[in-house]
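Participant: Those protein sequence lines, which keep their order, are chains A, B, C and D.
Counting with my numbering, you get residues 1 to 514 for the letters of the first sequence.
Counting with my numbering, you get residues 1001 to 1514 for the letters of the second sequence.
Counting with my numbering, you get residues 2001 to 2456 for the letters of the third sequence.
Counting with my numbering, you get residues 3001 to 3456 for the letters of the fourth sequence.
C-beta atoms are modelled at their ideal positions from N, C-alpha and C, and glycine is treated no differently.
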Amino acid sequence: MSEAPAPAPPTAADTPTPQQRERATTIFERSVAGRRAGTLPPLDVPERPLDELIPRRLLRESPPELPEVSEPEIVRHYNRLSRRNFDLDTGPYPLGSCTMKHNPRLNERVAALPGHARLHPAQDPKRAQGALELMWRLERALAEICGLEHVSLQPSAGSHGELAGLLLTRAYHEDRGERRTRVLTPDTAHGTNPASVTMAGYEVVKVATDERGGVDLDDLRSKVDVDVACLMLTNPNTLGVFDERIAEITQLVHDAGGTLYYDGANLNAIMGRTRPGDMGFDIVHVNLHKSFSQPHGGGGPGAGPIAVSDRIEPFLPVPRVVRREGADGAGPRFDFEHARPKSIGRLRGFAGNFGVFVRSYAYIASLGSDGLAEASETAVLNANYLLARLRRGRAGRFLPLAFDRLCMHEFVLSGAAAKRELGVRTLDVAKRLLDYGFHPPTIYFPLLVEEALMFEPTETETREGLDALAAAIEEILAEAERDPEILRNAPYTTPVRRLDEAAASRRPVVRQPL
Amino acid sequence: MSEAPAPAPPTAADTPTPQQRERATTIFERSVAGRRAGTLPPLDVPERPLDELIPRRLLRESPPELPEVSEPEIVRHYNRLSRRNFDLDTGPYPLGSCTMKHNPRLNERVAALPGHARLHPAQDPKRAQGALELMWRLERALAEICGLEHVSLQPSAGSHGELAGLLLTRAYHEDRGERRTRVLTPDTAHGTNPASVTMAGYEVVKVATDERGGVDLDDLRSKVDVDVACLMLTNPNTLGVFDERIAEITQLVHDAGGTLYYDGANLNAIMGRTRPGDMGFDIVHVNLHKSFSQPHGGGGPGAGPIAVSDRIEPFLPVPRVVRREGADGAGPRFDFEHARPKSIGRLRGFAGNFGVFVRSYAYIASLGSDGLAEASETAVLNANYLLARLRRGRAGRFLPLAFDRLCMHEFVLSGAAAKRELGVRTLDVAKRLLDYGFHPPTIYFPLLVEEALMFEPTETETREGLDALAAAIEEILAEAERDPEILRNAPYTTPVRRLDEAAASRRPVVRQPL
Amino acid sequence: MLDAIGVRSVDDLFAEIPSALRLSGELDLPAGLSETECFDHLAGLAGRNADAEGELCFIGAGMYDHYVPALVDAITQRSEFLTPYTPYQPEVSQGGLQVMFEFQTAISELTALPVSNASLYEGPSSVASAAYLAIGATSRRRLVVSRGVHPHSRETLRTYARGFGAEVVEVGLEGGVTSGDELERSVDAETAAVFVQSPNFLGAVEDLERLAAVAKGVGALTVASVDALTLGVLRPPGECGVDVAVGEGQPLGGRLDFGGPSFGFFCGTEEHLRRMPGRIAGEGVDADGRRGFVLALQTREQHIRREKATHNICTSQALNALGGVVYLAWLGKQGVVELGELLARRTAYARERLAEVDGVELLHDAPVVREFAVRVDAPVPEVLDRVAEEGIAAGYWLGRECPEYEDGLLVALTERRSRRDIDRLADALGRAISAADGAFPSDSEGKSPRRERVAS
Amino acid sequence: MLDAIGVRSVDDLFAEIPSALRLSGELDLPAGLSETECFDHLAGLAGRNADAEGELCFIGAGMYDHYVPALVDAITQRSEFLTPYTPYQPEVSQGGLQVMFEFQTAISELTALPVSNASLYEGPSSVASAAYLAIGATSRRRLVVSRGVHPHSRETLRTYARGFGAEVVEVGLEGGVTSGDELERSVDAETAAVFVQSPNFLGAVEDLERLAAVAKGVGALTVASVDALTLGVLRPPGECGVDVAVGEGQPLGGRLDFGGPSFGFFCGTEEHLRRMPGRIAGEGVDADGRRGFVLALQTREQHIRREKATHNICTSQALNALGGVVYLAWLGKQGVVELGELLARRTAYARERLAEVDGVELLHDAPVVREFAVRVDAPVPEVLDRVAEEGIAAGYWLGRECPEYEDGLLVALTERRSRRDIDRLADALGRAISAADGAFPSDSEGKSPRRERVAS
Ligand SMILES: Cc1ncc(COP(=O)(O)O)c(C=O)c1O
Ligand SMILES: Cc1ncc(COP(=O)(O)O)c(C=O)c1O
């Protein structure tokens, strides 16, 4: 890849690619009666009629119509399907707020070790000391990174962590005899924040954003009162802007008796530079699938551990991992502790997404303290470099920065000018990027930016990759100047062309009729 | 896939696909000074200057120009490259003589177990009993399948097995005080056969093929004499034809004091039905990467074990695996035996491609005796079915069967009529098949068939796959009737279009200048 | 790069962080490890766990040591499935979207319920999520839950219920299954939903139809937590009047992974489609009329509807769900029945075999299919420690989470546990019980002796 | 399908096999196993091997327990690389062909020789293949080989030489390295090639330049077998007047695999290009002028030239060579030097540390880089058995294949063996030697006790 613009992809005039010609066929449609892949051990116990064991009333009458296919057909089917995905191991994936950093292959290897992959979650903790120690070590590392002493790894993803944090807030206030009803979230907040607020039984109150992209302090002041349970923030926020007045903000809410919740989705900007705990937050969730390299898997799995301050600690979910010094000179022993009277209880089965913990712990152990700090530095450097590239030329004109300042690990452009002056929407630019071999940025978020494009290159993207991305955007805007239809009908080279999501929701077909 | 012809791929009129637009870039061209992927443990011993340890004269002055790239770049580079390959897990791959059967994923899993993958070959045999037992079990299974009692797993592939077999023949005759100089091979033989003959210091004498596709007995009789060391055959031969007179043939050569060598590349036709040993062969090589499901890896690794009769046994390569009954009721013990005075010696380091043995042993253990027989039956059934489909319509007219009879696991068509009547060569048909999403058959082999196309579907291809392949060939021949240029300029949709192999050999560029 | 940005140093980029908040030194974490050191470190930790590769594992209680076919790993480890984000750009996410659609179809077939989502986190939180749906659907806030439901699900339900402002009422068991009488007494016109599980936590197959009828009687929904792997032989919830079925997906080709990641499934009747939590893929067409798949009904979701969303979930368990559908394709229509039958028969054999052991008796005699509960006439933790010395994990001690079954042991079967293994378990258990004296020094750490494998 | 073919039964398809040759019953093999049984069976066998994951392994002798980066496996396990055949259709094989081209470039860089093939089977047979080239190039049939060359290579050379009708003459060592005097006396005008190895079998770095000069003096080629992984620090053969360099590729990211599959490499000066064995990829262009790669110089090969081919090789080791080039990209220009330096320094440390052990002395004091030889004042097999009881594989007993070094032990280092490991080895060796009495009951089977891992 070089500074030169990418060669022009084909346009509407072109014919379909081979993948496009192949009609999508499901695994059910490949089924042929009598075929099979899986084999089972032979019956080695008496062959009792099933209805002798279980009353016929409780038995199934006709088998479920699972596919009947051979192993080679399964492999071919899913391998071919896989090639209908764009993935991080193919090219730049600057999806803002998602931290699409490289997923080291070592992590997959250590997660697959039988001592991890085949460890039963109900194994007696004394025969699972390695797993408990790993969890304990990961908790300690996250506590240090967040600047908050107490960690529970249990939540399954960011939104689960948010719900946990809000239930903790409720328990904390109830323990003090308070019943608070409202939770503040800025208008730039991620959708999970308000959704979690509702699930936790609170009312959402929006806080405005000021002209520099930070919290509007006046608006905040006017809304903070004794009914406010919590303020949920992320800093840097979803505009990629670091709110310098964060100490003032946390002070304000604390003074009114509220808790401060930190949405850790943007932690990748600040590791080793500053810490949510030091900013005054009480509760943080961390997306292990963002800053800590768990692969996104096309939509999970992830994990959303929470770190909390002393006053929140008594309420943490059970079980908790505890470390006890060994007696008479023996090594330390690890255990699960269930008896925690003030705990909010469980949020899920067993002790969390352990396989994710293994990967993220391996990541932290690989990078170490300096490596983590360097990751954040490079993430911020890359974002600012891409931003600098996009301030030039057509991008600078048609896709200006929403809040004009240096950014942290991500930044948000506005496509309002492009829409007005070129007649192309942010959606069109995004779809056309697909033809150039790039995953588009996050679009139409945060909501307060018109025609938003949110770029987060992460630290693992190369300078050449960023240059090529910037060049592609420049070229696409030139195409838009020539003929906006090129963009409006894009993409052309993908396995399918533009899909109508709204129509598919009107009369939804959500399973295959068999 | 269905009986309906595949939709028409694009033709020369179309524009390049995205992959085609992307210029091939090597990993060296992605290098940027200072980048790296691999990390090494820190120095934990004294940092002695290197030239204090090794005289400067023996040290390198400037480092080799290996690529400087990060891990994410390596992953992207090779993942993208991988998608420029067609593979067996994508679609039908009826490459004749190559037995492209499905590679079960279980085999990869068991090969990767640390007890296999991290077992040092110089480990003391008493601490590698599992490995030796596995080898012994595989030897026993191959002996049974081949009908020859003694097996050496050592050769690294088919051609290595051939060389071994010829050196065994030499040792056998020399041991009897004979010096024979010639080896007979049929004109249908695979190229490795004559090449091995030369490497083993013999002269090649070709035997003709009769009108039914078998050995021309008269020709054979005229060539068998006391100078003939060996006749190399495969049965079914490379025409997919079983030579019914095999007993007569082996008798003839044996009577003249020669050995009979069986090229086991076609074993997939006859497992559990008949055995080379029973036909009278003295030496057989088996391609584990054909009949026994070792993945081909884009050109290896494989393994070419040999099975031999009693009279050849004393000469087998060392080390041999031996099993000794345990004393006082203990289990059997396995060992390597080196002291074999008549042995031809070693053919390579250590004891062979053990990782391949693991996969093939797992395959044999999975299928069992009935499974192996069924595999051969289905392989022959599939070949005959595809042949029946191709006897109809345009294929039957323009690509007739070279020797008109039932086939075994493969068959050879001749494109002579297509060339004459349609003006398209077998090469053109093959290249056009690429546009239809199929790997072509083997072409221009065996040499005695004009414009040969050699199809071997194997047992793991589905009927739907065979139907689709036949339909594609029919459609391609229809295209040729309409406009032969469509074929002559094919392929169109592949990452690159037709490549000039001859030109690339005239002024060969075999490495990247750095 | 700094030049292009117009700053002098990387520090300048962080200038907006007030100095009082800047970390003065480095994070207090160890220095980074090279790949080989990191591997050894983690392998060292892993080696201190007694896993089911080294031990003969009869523990179940929601997760099971089934064989994970090699192709499941091969497919889920492909970069193209492993590394993308949630499919926000459908044109380059057809692989993932079609997988979701296939997954939904497979789950719907298994449960005989028409609509399924594309996965939730895991089992117990899916139970709690069903409560959110039920509250929304009925505008009632009373949740009645059988004590046959996994304790983790019940606890999770209670945790979430505090947020929902809902009350949770439990119903006891009788003869191993949910007490019908007590259930009838417990439901009322304020009841949003009845929660049951089958096979229940004690392994007993519940009569879902009978229980659902009780719920329906008061206008409440029935939420059944089911083990999808048993649905080749057990009557599916959709044929029993169940409104919402949820469950833990681990048995469908998932690793044990010390409890996660796995996936939860969530399906229901047509009328609940627009209240479902999580992603749902739908079939559609592209601009050229080609078949394609998209995220359907996104207006349910948090990124569109925010505080009015049907759930807060965003990142879910797509990769694990992929593993699930690959597993189900591998198992196939015949296999899912055969496996169910094999489990039922081995479970019957094991139940009888263990009942013959001195000091063991059945905890209930309700029908079972893959797991059963016994009472042990000796301190269970001690017995488990003794049996572990022989390289066997005999089962799950019920007293650990249900004080009412202090002497209870839950024993699970899979296709990996042969008759010979069962016999070994029975013998070891017999020895352990007769040796048990309450004084076993049970805290010797680490891995039990490696199970002796026999090369057959 | 039978209908379409026009036969009644599958048996009809086999009718041409004379009945006398038909197998009467089934093959005498066990019945097939299900996947889970087959896995357990193979895992059981694997569990009876003492591998380098459980043991501290100091064995080398041609193959080394280097760390195989996780991405090597991830890439080589991709279907697109794992399952295709040799790239006979270049238009759909650009991935594999470009990999070969990159491999050739990397090997050529390491060895400083301009042309490389795309792999041969493995090390020793590559040495023998070089003899075939030398005989063809010189029309001479005398092969002079240093006893510093790996015994497997020398034996393989002898085996092949019988086919080539060539004579093999050995040259002894002096102070650990090839005796220059003896070499001078051994070469003559009939000598096709001189074979040397560096580092040689005793770990000593040979002076290739000096040896090559002797060969050149009589018009013979010099064939050097080299350890590519040491070429970040050692002077490359191409700068020493070597004509052909070959070697075992396992150290470059290959598994130990009990000896294979790995790959051999084969490279040389420009003039030997058209005599090279094996596949060679070349750069070219397609019909539209796009860059592409093809199999070049196929007229050397058996499928075209048959009995006149430069070699008989067909299936080679493409996948292992891919692993090699991925490993080299992972290691990179800096890494290959750093690794060489690390090995040299650890080897120096270990050599000194062991030399201090009572009963151990150096076998030679020539310079070494990753492996060294000592003499042990006790029966080596017994000492090895004793050390194995402590979970350590102390090295390779030289007496096993070289009777002249009955008391010799070859000890190899990799980046996986830390200073602490070396200290453990030295201590264990000391204990074992002082305990050795020649009466150790050394045939206790199976795996040595698992190495205790320390979670640092
Ligand atoms: C800012 C922000 N907050 C919260 C979340 C929710 O995290 P998760 O998807 O892990 O539930 C996301 C992820 O998309 C996010 O970007
Ligand atoms: C008939 C026949 N003989 C021999 C061989 C050589 O086998 P290998 O490639 O394993 O050396 C082949 C493989 O192509 C073959 O098809």
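(1) Which residue spans inside the region 2303 to 2386 of chain C form an unbroken beta strand (DSSP E) run of at least 3?
(2) Return helix, strand or coil for D/Pro3090, following the three-state DSSP convention.
(3) Quick one: what does DSSP say C/Cys2240 is sitting in, helix, strand or coil?
(4) Just the C-alpha distance for A/His401 and A/Arg109, rounded to the nearest angstrom, thanks.
(5) Residues bridged to C/Tyr2396 by DSSP?
(6) So, do the region 1304 to 1316 of chain B and the region 1171 to 1178 of chain B have three or more beta carbon pairs nearer to each other than 8 Å?
(7) In three-state DSSP terms, what is A/Ile283?
(8) Excluding five sequence neighbours on each side, which residues of the same chain lie with their C-beta closer than 8 Å to the C-beta of C/Ser2019?
(9) Looking only at DSSP bridge pairs, what is D/Leu3173 linked to?
(10) Quick check: is the beta carbon of B/Thr1426 nearer than 9 Å to any beta carbon in chain D?
(11) Quick one: which chain D residues come within Cβ less than 8 Å of A/Arg109?
(12) For the beta strand (DSSP E) that contains B/Cys1230, what are its first and last residues?
(13) For C/Glu2445, would you say it is in contact with chain A, using Cβ-to-Cβ distances shorter than 9 Å as the test?
(14) Quick check on D/Pro3251 - is its C-beta less than 9 Å from some C-beta in chain B?
(15) Please list the residues of the region 3042 to 3073 of chain D that have a C-beta atom closer than 8 Å to any C-beta atom in chain C, keeping them in chain order.
(16) Helix, strand or coil, according to DSSP, for B/Arg1507 in the structure here?
(17) Quick check on B/Val1032 - is its C-beta less than 9 Å from some C-beta in chain A?
(18) Give me the DSSP bridge partner(s) of C/Gly2292.
(19) Taking a Cβ distance cut-off of 9 Å, strictly less, list which residues of the region 90 to 101 of chain A are near chain B, in chain order.
(20) Cα separation between B/Ala1379 and B/Ile1270?
(21) Measure the C-alpha to C-alpha separation of B/Ile1450 and B/Asp1187 and round it to an integer number of angstroms.
(22) Less than 8 Å separating the Cβ of B/Thr1209 from some heavy atom of ligand 2?
(23) Tell me, please, whether the CB atom of C/Ile2463 is closer than 9 Å to any CB atom in chain A?
(24) Show which residues of chain C have a CB atom less than 7 Å away from the CB atom of D/Thr3178.
(25) For C/Glu2102, I'd like the list of residues in its chain whose CB is within less than 7 Å of its CB, leaving aside the five on either flank, ordered along the chain.
(26) Are the beta-carbon atoms belonging to D/Ile3280 and D/Gln3104 less than 9 Å from one another?
(27) With a cut-off of 8 Å on the beta carbons, I'd call C/Gly2336 and A/Pro63 a contact; round off their distance for me.
(28) Take the Cβ of A/Leu514 as the centre, count every other Cβ of all protein chains shown within 10 Å, and call the residue buried at 16 or more, exposed below.
(29) What would DSSP say about B/Asp1483, mapped onto helix, strand or coil?
Facilitator: In short:
(1) Annotation: the region 2303 to 2386 of chain C contains the following complete segments of the beta strand (DSSP E) (minimum length 3 residues), in chain order: 2360 to 2362 and 2371 to 2376.
(2) Looking at D/Pro3090 - three-state DSSP - the assignment turns out to be helix.
(3) Of the three classes helix, strand and coil, the one that applies to C/Cys2240 here is coil, per DSSP.
(4) The sequence shown places Leu at residue 401 of chain A, not His. A/Arg109 has its alpha-carbon roughly 41 Å from the corresponding atom of A/Leu401.
(5) Looking at the DSSP assignment, C/Tyr2396 forms a beta bridge with C/Leu2410.
(6) Yes, they touch.
(7) Three-state result, A/Ile283: strand.
(8) Within the same chain, no Cβ atom closer than 8 Å to the Cβ of C/Ser2019 is found once the five residues on either side in sequence are excluded.
(9) Note: D/Leu3173 sits in a beta bridge opposite D/Thr3178.
(10) With 9 Å as the cut-off, B/Thr1426 does not count as an interface residue toward chain D.
(11) Listed by position along chain D, the residues whose Cβ is nearer than 8 Å to that of A/Arg109 are Ala3070 and Asp3073.
(12) Start and end: Val1228 to Leu1233.
(13) Low confidence applies here, because C/Glu2445 scores a pLDDT of 44, under 50, leaving its location unreliable and the question unanswered by this model.
(14) Judged by the 9 Å Cβ criterion, D/Pro3251 is not in contact with chain B.
(15) Listed in sequence order: Ala3043, Gly3044, Leu3045, Gly3047, Arg3048, Glu3053, Tyr3067, Pro3069 and Ala3070.
(16) B/Arg1507: coil per DSSP, three-state reduction.
(17) Closer than 9 Å to some Cβ of chain A, the Cβ of B/Val1032 qualifies, so yes.
(18) The secondary-structure analysis by DSSP pairs C/Gly2292 across a beta bridge with C/Gly2284.
(19) The residues in question are Thr90, Gly91 and Lys101.
(20) The alpha-carbon atoms of B/Ala1379 and B/Ile1270 are separated by roughly 9 Å.
(21) In the sequence under discussion, the amino acid at residue 1450 of chain B is Glu, which differs from the Ile named in the question. If you draw a straight line from the Cα of B/Glu1450 to the Cα of B/Asp1187, it comes to about 13 Å.
(22) Every heavy atom of ligand 2 is 8 Å or more from the Cβ of B/Thr1209, so no.
(23) There is no way to answer for residue 2463 of chain C, as the model of chain C reaches only from 2001 to 2456.
(24) Neighbours of D/Thr3178 on chain C: none; closest Cβ ~34 Å, over 7 Å.
(25) In its chain, beyond the 5 residues on either side, Val2325 have a beta carbon closer than 7 Å to the beta carbon of C/Glu2102.
(26) Yes, the Cβ-Cβ distance between D/Ile3280 and D/Gln3104 is below 9 Å.
(27) Going by the sequence as given, residue 2336 of chain C is Val instead of Gly. The pair is a contact, with the Cβ atoms about 7 Å apart (cut-off 8 Å).
(28) With fewer than 16 Cβ atoms within 10 Å of its Cβ, A/Leu514 is classed as exposed.
(29) Three-state result, B/Asp1483: coil.
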